[in-house]
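Under my numbering, the first residue of the sequence shown is numbered 396, with each subsequent residue one higher.
Everything on this sheet refers to the single structure shown next.
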Amino acid sequence: MGRITRMVLYVKCCPRSDSRTDKLATALLETLGDYYEVLDITQENLLPLDRDTLIMREAFIEQSNYSYPIFDYAKQFAFADTIVIAAPYWDLSFPAALKSYIENIYVTGLVSKYNENGAPTGLCKAKKLYYVTTSGGPYNPKFSYEYIKTISTEYFGIDETELIYVDMLDIDGFDANKILEDKIKEIKERK
Numbered sequence: 396m397g398r399i400t401r402m403v404l405y406v407k408c409c410p411r412s413d414s415r416t417d418k419l420a421t422a423l424l425e426t427l428g429d430y431y432e433v434l435d436i437t438q439e440n441l442l443p444l445d446r447d448t449l450i451m452r453e454a455f456i457e458q459s460n461y462s463y464p465i466f467d468y469a470k471q472f473a474f475a476d477t478i479v480i481a482a483p484y485w486d487l488s489f490p491a492a493l494k495s496y497i498e499n500i501y502v503t504g505l506v507s508k509y510n511e512n513g514a515p516t517g518l519c520k521a522k523k524l525y526y527v528t529t530s531g532g533p534y535n536p537k538f539s540y541e542y543i544k545t546i547s548t549e550y551f552g553i554d555e556t557e558l559i560y561v562d563m564l565d566i567d568g569f570d571a572n573k574i575l576e577d578k579i580k581e582i583k584e585r586k
């Protein structure tokens with residue numbers, strides 16, 4: 396009997412072609428050893444939700460009609476077995492493209508629902524989400540990872556999250572290449 400593979404969704408929010416964050420995420424994906432699908436949200440035309448889009452989306456949700464392309468990202472996220480999000484720590488948070496992505500995937504009926512008490516209940520299949528980031532200076536997870544962790548566990552129903560990061564990569568006196576190489580080695584030793 397063949398090995399059953401899990402689908403890992405790699406949500407890549409790394410605008411730079413030589414992204415250090417992407418290098419860390421790629422090392423992680425290699426250790427997971429499963430099939431993974433790359434969604435490079437910096438190359439998608441993801442826009443923040445506006446009034447007209449919200450009205451249209453709500454009408455489809457009320458009909459439980461999720462067949463329109465506007466729901467494709469949410470379905471992809473909801474059905475992934477494992478999720479890896481990679482985004483650099485920029486200007487005290489993550490790039491705006493990731494926030495637009497979150498707005499587009501948070502669809503009631505696909506990634507979550509509300510119970511009889513009005514509390515959110517997650518519907519996502521994934522049991523684990525990895526958040527991978529790098530920072531040029533000191534990293535404070537409050538403004539990026541903690542947000543991702545909270546929405547993942549409390550709204551998406553993903554039981555476990557893990558932060559993988561390196562920081563101080565742009566500070567004089569710190570060897571950025573060594574810091575990055577050491578972390579990649581640590582990740583690869585997980586196998």
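Even glycine gets a Cβ: it sits at the ideal position worked out from N, Cα and C.
Keep in mind it's a predicted model, so treat the numbers as computed, not measured.
Per DSSP, the unbroken alpha helix (DSSP H) holding Tyr468 starts and ends at 467 to 474.
DSSP places Ala481 in the strand class (E or B) of the three-state scheme. Per DSSP, Lys537 lies in no beta strand (DSSP E) segment and is marked neither H nor E. Counting only the Cα atoms, Leu441 lies some 6 Å from Tyr496.
Annotated as distal: Ile553 and Thr426, with beta-carbon spacing of 8 Å or more.
No Cβ-Cβ contact shorter than 8 Å links Asp565 with Tyr534. The beta-carbon separation of Cys408 and Ile436, rounded to 5 Å, stays under the 8 Å limit for a contact.
Cβ-Cβ distances below 6 Å link Glu432 to Leu404 in the same chain, with the five nearest sequence neighbours on each side left out; the list follows chain order.
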